[in-house]
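Trainee:
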Amino acid sequence: MSIRVLFFASLADAAGTRERTVEAAGITDVISVFDRCTADAPALESYRTSVLLALNSEFARPSSPVRDGDEVAFFPPVSGG
Amino acid sequence: MSIRVLFFASLADAAGTRERTVEAAGITDVISVFDRCTADAPALESYRTSVLLALNSEFARPSSPVRDGDEVAFFPPVSGG
Amino acid sequence: MFSLTREPIDTARISRSLQQPEDGALVVFEGIVRNHARDKAVRYLEYEAYESMALKKLEEVGTTARSRFDIRDIAIVHRLGHMEIGEASTVIVVASAHRGAAFEACRFAIDTIKEIVPIWKKEFYTDGEVWIEGAR
Amino acid sequence: MFSLTREPIDTARISRSLQQPEDGALVVFEGIVRNHARDKAVRYLEYEAYESMALKKLEEVGTTARSRFDIRDIAIVHRLGHMEIGEASTVIVVASAHRGAAFEACRFAIDTIKEIVPIWKKEFYTDGEVWIEGAR
Chain Y
1 MSIRVLFFAS LADAAGTRER TVEAAGITDV ISVFDRCTAD APALESYRTS
51 VLLALNSEFA RPSSPVRDGD EVAFFPPVSG G
Chain E
82 MSIRVLFFAS LADAAGTRER TVEAAGITDV ISVFDRCTAD APALESYRTS
132 VLLALNSEFA RPSSPVRDGD EVAFFPPVSG G
Chain D
163 MFSLTREPID TARISRSLQQ PEDGALVVFE GIVRNHARDK AVRYLEYEAY
213 ESMALKKLEE VGTTARSRFD IRDIAIVHRL GHMEIGEAST VIVVASAHRG
263 AAFEACRFAI DTIKEIVPIW KKEFYTDGEV WIEGAR
Chain B
299 MFSLTREPID TARISRSLQQ PEDGALVVFE GIVRNHARDK AVRYLEYEAY
349 ESMALKKLEE VGTTARSRFD IRDIAIVHRL GHMEIGEAST VIVVASAHRG
399 AAFEACRFAI DTIKEIVPIW KKEFYTDGEV WIEGAR
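Now the structure itself:
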């Protein structure tokens with residue numbers, strides 16, 4: 001099980017990285033990926049209620065299942081335009 | 082009493098001219114200018130209910146009074162833009 | 163900036179001359195000569211104006227837009243004379259801090275121009291020509 | 299045409315490449331870097347994107363606009379990276395036979411971009427910098 005994880009904007013600052021890999025048993029859904037990243041970077045915890053979740057370039061839910069090779073992204077509400 | 086009269090678009094075609102002068106006693110308001118022009122160019126009559134009236138570059142009413150030296154214009158509903 | 167011109171309208175130039183550092187949104191409308199109207203193929207158009215009054219009314223449209231909507235400025239240019247398919251007859255540029263007012267002011271401006279500015283369009287087809295009258 | 303770019307956006311070029319002879323109206327929106335925000339003087343901006351998803355979402359905005367409004371086509375370009383005051387971060391061009399649908403589609407597009415396209419703006423002031431978060 002290997003998930004590529006991307007962080008953007010303030011979430012990248014909190015994670016201390018823009019990209020990492022999560023390889024672990026017990027990773028079943030998007031929120032479990034976030035839990036695992038938060039264990040490594042506690043500053044992410046304060047974004048738990050506002051973070052937007054994406055799975056393979058599409059918006060996802062906390063319970064969306066992840067599979068080996070998936071790309072998960074965490075980011076704040078968008079401010080482009 | 083001398084009124085400069087302008088015609089635009091289809092009204093100019095009906096009047097047979099783009100500009101004329103009306104010099105006559107009995108000209109007191111904008112519609113009397115139109116009446117006088119219609120006497121000379123009967124094709125204008127069919128525009129009586131749709132014609133827009135202007136007096137010195139501002140929309141006017143049939144009863145708007147005219148004075149010596151005024152400029153009156155007759156034209157169809159606008160279609161610019 | 164409100165003007166009538168017989169030359170092609172340079173929209174980018176109008177936008178750049180209107181824009182100021184406090185503007186966060188520009189909304190631009192271009193009215194364009196299209197190749198068909200009323201189910202007929204249009205070859206070209208001619209626009210005629212009561213110029214002194216048209217200029218006064220364009221200014222009135224702009225002044226009203228500025229007072230009614232929270233915009234910083236508006237420019238309106240209307241072209242007259244002969245125009246080919248694809249050329250702009252009217253360009254409106256609205257500059258504003260925020261987008262909502264800019265959209266509303268631009269829409270108001272073109273709608274009002276089509277009601278009160280004394281300009282008329284003549285459409286030339288392969289088999290004739292017709293003065294177009296607006297809705298009264 | 300939907301794209302992300304790190305170069306200045308040439309609005310006139312996008313308009314001219316989108317426009318076809320059947321179009322009677324172009325409505326253009328330019329989102330511009332302005333010199334103040336949240337009561338602070340802004341020196342410059344940087345935009346960051348989740349690029350693969352942002353491009354997909356720009357296309358989704360355009361496709362939805364085309365299906366929901368009676369327009370012929372829409373182009374959306376969003377710039378990324380460093381931008382100075384007065385430069386356009388976003389340009390939307392809508393081409394249509396008639397103006398009403400063009401205004402509505404353009405407004406819909408910018409409103410939706412600000413909701414669903416993963417791009418973020420960082421404002422740089424004289425005394426610091428802040429990531430701006432949209433309303434969720």
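Protein chains in written order, with this note's numbering: chain Y, 1 to 81; chain E, 82 to 162; chain D, 163 to 298; chain B, 299 to 434.
Backbone N, C-alpha and C define an ideal beta-carbon position, used for all residues, glycine too.
(1) For the 8 Å Cβ check, are there 3 or more pairs between the stretch 309 to 325 of chain B and the stretch 30 to 50 of chain Y?
(2) Assign B/S313 to one of two classes, buried (16 or more other C-beta atoms within 10 Å of its C-beta) or exposed (fewer than that).
(3) Unbroken beta strand (DSSP E) runs of length 3 or more, entirely within the stretch 95 to 146 of chain E: which are they?
(4) With a threshold of 8 Å between beta-carbons, can B/E320 be considered close to chain D, or not?
(5) Using the beta-carbon of each residue, which ones in chain B are nearer than 8 Å to D/R196?
(6) Please list, in chain order, all residues of the same chain as Y/F82 whose beta carbon is under 8 Å from its beta carbon, the five residues on each side excluded.
(7) Taking a contact to mean a Cβ-Cβ separation below 8 Å, would you say B/I330 touches B/G379 in this structure?
(8) Excluding the 5 residues flanking B/E346 on each side, which residues of the same chain have their C-beta closer than 6 Å to its C-beta?
(9) Going straight from the alpha carbon of B/S315 to that of B/I369, what length do you get?
(10) Go ahead and label Y/G80 buried or exposed: buried means 16 or more other beta carbons lie within 10 angstroms of its beta carbon, across all protein chains shown.
(11) Under DSSP, the beta strand (DSSP E) around B/E344 begins and ends at which residues?
(12) Pick helix, strand or coil for D/I238, following the three-state DSSP scheme.
(13) Does the distance from the C-beta atom of D/V190 to that of D/V279 stay below 8 Å?
(14) For the stretch 41 to 48 of chain Y against the stretch 10 to 17 of chain Y, do three or more pairs of beta-carbon atoms, one drawn from each stretch, fall closer than 8 Å, so that the two count as touching?
(15) In terms of DSSP beta bridges, what is B/E427 paired with?
(16) Please report whether the beta-carbon of B/K338 lies at a distance below 8 Å from any beta-carbon of chain Y.
(17) Grouping DSSP H, G and I as helix and E and B as strand, with all else coil, what is B/A433?
(18) Output the distance between the C-alpha atoms of Y/P77 and D/A174, rounded to the nearest integer angstrom.
(19) Where D/E277 and D/A297 are concerned, what is the direct C-alpha to C-alpha distance, given to the nearest angstrom?
(20) Judging by CA-CA distance, which residue of D/T252, D/V204, D/A257 is the nearest neighbour of D/T274?
(21) With C-beta atoms as the reference, is D/V227 less than 8 Å away from D/A267?
(22) Please confirm if D/G296 has its CB atom under 8 Å from at least one CB of chain B.
(23) Could you check the C-alpha separation between D/H240 and E/P143 for me, to the nearest Å?
(24) Could you check if B/E427 is buried or exposed, using at least 16 other CB atoms within 10 Å of its CB as the buried criterion?
(25) Please state if the CB of D/A199 and the CB of D/E295 are separated by a distance shorter than 8 Å.
(26) Does any CB atom of chain D fall closer than 8 Å to the CB of E/S113?
(27) Please list, in chain order, the chain E residues whose beta carbon lies closer than 9 Å to that of D/T252.
(28) Please report how far the alpha carbon of B/D371 lies from the alpha carbon of B/R341, in whole angstroms.
(29) From Y/D35 to Y/V22, what distance separates their C-alpha atoms?
(30) Please report whether the beta-carbon of E/A141 lies at a distance below 8 Å from any beta-carbon of chain D.
(31) Just how far apart, CA to CA, sit Y/V5 and B/L343?
(32) Just the C-alpha distance for Y/A15 and Y/T38, rounded to the nearest angstrom, thanks.
(33) Mind checking B/R332: buried by the 16 CB within 10 Å criterion, or exposed?
(34) From E/M82 to D/G262, what distance separates their C-alpha atoms?
(35) Taking the C-alpha atoms as reference points, what is the distance between Y/S57 and B/F367?
(36) Looking at the strands, I want to know which residues DSSP matches up with D/H198.
Mentor: According to the data block:
(1) no
(2) Counting from 1 along the fourth sequence, the entry for residue 313 of chain B is found at position 15. B/S313 is buried by the Cβ-count criterion.
(3) 100 to 103, 133 to 136
(4) In the fourth sequence, counting from the first residue as 1, residue 320 of chain B sits at position 22. Answer yes: the Cβ-Cβ gap between B/E320 and chain D drops below 8 Å somewhere.
(5) Indexing the third sequence from 1 puts residue 196 of chain D at position 34. Correct list: P319, E320, D321, G322, A395.
(6) Shown here, chain Y extends from 1 to 81; a query on residue 82 of chain Y therefore has no answer.
(7) On the fourth sequence, residue 330 of chain B is found 32 positions in, with the first residue counted as 1. On the fourth sequence, residue 379 of chain B is found 81 positions in, with the first residue counted as 1. Not closer than 8 Å, so no.
(8) Locating residue 346 of chain B in the fourth sequence gives position 48, where the first residue counts as 1. Cβ neighbours of B/E346 beyond the five flanking positions: W418.
(9) Here residue 315 of chain B refers to the residue found at position 17 of the fourth sequence. Here residue 369 of chain B refers to the residue found at position 71 of the fourth sequence. If you take the alpha carbons of B/S315 and B/I369, they lie about 16 Å apart.
(10) Residue mapping note: residue 80 of chain Y aligns to position 80 of the first sequence, counting from 1. The residue in question, Y/G80, is buried, as its Cβ has 16 or more Cβ neighbours within 10 Å.
(11) Indexing the fourth sequence from 1 puts residue 344 of chain B at position 46. Residues 338 to 347.
(12) Looking up residue 238 of chain D in the third sequence gives position 76. Looking at D/I238 - three-state DSSP - the assignment turns out to be strand.
(13) Here residue 190 of chain D corresponds to residue number 28 of the third sequence, with the count starting at 1. Here residue 279 of chain D corresponds to residue number 117 of the third sequence, with the count starting at 1. Their beta carbons are not under 8 Å apart, which means D/V190 does not touch D/V279 by this criterion.
(14) yes
(15) The sequence position of residue 427 of chain B within the fourth sequence is 129, counting from 1. Per DSSP, B/F422.
(16) Position 40 of the fourth sequence holds residue 338 of chain B. No, its Cβ sits nowhere closer than 8 Å to a Cβ of chain Y.
(17) One-based indexing of the fourth sequence puts residue 433 of chain B at position 135. Reduced to three states, the DSSP call for B/A433 is coil.
(18) Counting from 1 along the first sequence, the entry for residue 77 of chain Y is found at position 77. Counting from 1 along the third sequence, the entry for residue 174 of chain D is found at position 12. Each residue's Cα considered, the two are about 33 Å apart.
(19) Residue 277 of chain D sits at position 115 when you count from the first residue of the third sequence. Residue 297 of chain D sits at position 135 when you count from the first residue of the third sequence. If you take the alpha carbons of D/E277 and D/A297, they lie about 8 Å apart.
(20) Counted from its first residue, the third sequence places residue 274 of chain D at position 112. With distances taken between Cα atoms, D/T274 lies closest to D/T252.
(21) Sequence index remark: in the third sequence, residue 227 of chain D carries index 65 (1-based). Sequence index remark: in the third sequence, residue 267 of chain D carries index 105 (1-based). Here the sequence assigns Ala to residue 227 of chain D, which means Val is not the residue at that position. Yes, Cβ-Cβ distance for D/A227 and D/A267 is below 8 Å.
(22) Reading the third sequence from its first residue, position 134 is the one you call residue 296 of chain D. For D/G296, the answer is no, since every Cβ of chain B falls outside 8 Å of its Cβ.
(23) Taking the third sequence and counting its residues from 1, the one referred to as residue 240 of chain D is at position 78. Taking the second sequence and counting its residues from 1, the one referred to as residue 143 of chain E is at position 62. The alpha-carbon atoms of D/H240 and E/P143 are separated by roughly 29 Å.
(24) For this step, residue 427 of chain B is matched to residue 129 along the fourth sequence. Flag for B/E427 reads exposed.
(25) Here residue 295 of chain D corresponds to residue number 133 of the third sequence, with the count starting at 1. Here residue 199 of chain D corresponds to residue number 37 of the third sequence, with the count starting at 1. No. Outside cutoff.
(26) On the second sequence, residue 113 of chain E is found 32 positions in, with the first residue counted as 1. Judged by the 8 Å Cβ criterion, E/S113 is not in contact with chain D.
(27) Residue 252 of chain D sits at position 90 when you count from the first residue of the third sequence. Those are G161, G162, listed as they occur along chain E.
(28) For the purposes of this step, residue 371 of chain B is taken as residue 73 along the fourth sequence, with counting starting at 1. For the purposes of this step, residue 341 of chain B is taken as residue 43 along the fourth sequence, with counting starting at 1. Approximately 35 Å between the Cα atoms of the pair.
(29) Taking the first sequence and counting its residues from 1, the one referred to as residue 35 of chain Y is at position 35. Taking the first sequence and counting its residues from 1, the one referred to as residue 22 of chain Y is at position 22. Those two C-alpha atoms are separated by around 11 Å.
(30) To locate residue 141 of chain E, count along the second sequence from 1; it is residue 60. E/A141 does not count as touching chain D.
(31) By one-based count along the first sequence, residue 5 of chain Y stands at place 5. By one-based count along the fourth sequence, residue 343 of chain B stands at place 45. Near 26 Å, if we compare the C-alpha coordinates of B/L343 and Y/V5.
(32) Position 15 of the first sequence holds residue 15 of chain Y. Position 38 of the first sequence holds residue 38 of chain Y. Computed Cα separation, rounded: 8 Å.
(33) Locating residue 332 of chain B in the fourth sequence gives position 34, counting from the first residue. Its Cβ being crowded by 16 or more others within 10 Å, B/R332 is buried.
(34) The residue you call residue 82 of chain E lines up with position 1 of the second sequence. The residue you call residue 262 of chain D lines up with position 100 of the third sequence. One C-alpha to the other measures close to 52 Å.
(35) Against the first sequence, residue 57 of chain Y aligns to sequence position 57. Against the fourth sequence, residue 367 of chain B aligns to sequence position 69. Approximately 26 Å, taken between the alpha carbons.
(36) Residue numbering aside, residue 198 of chain D sits at position 36 when the third sequence is read from its first letter. D/H198 pairs with D/A203.
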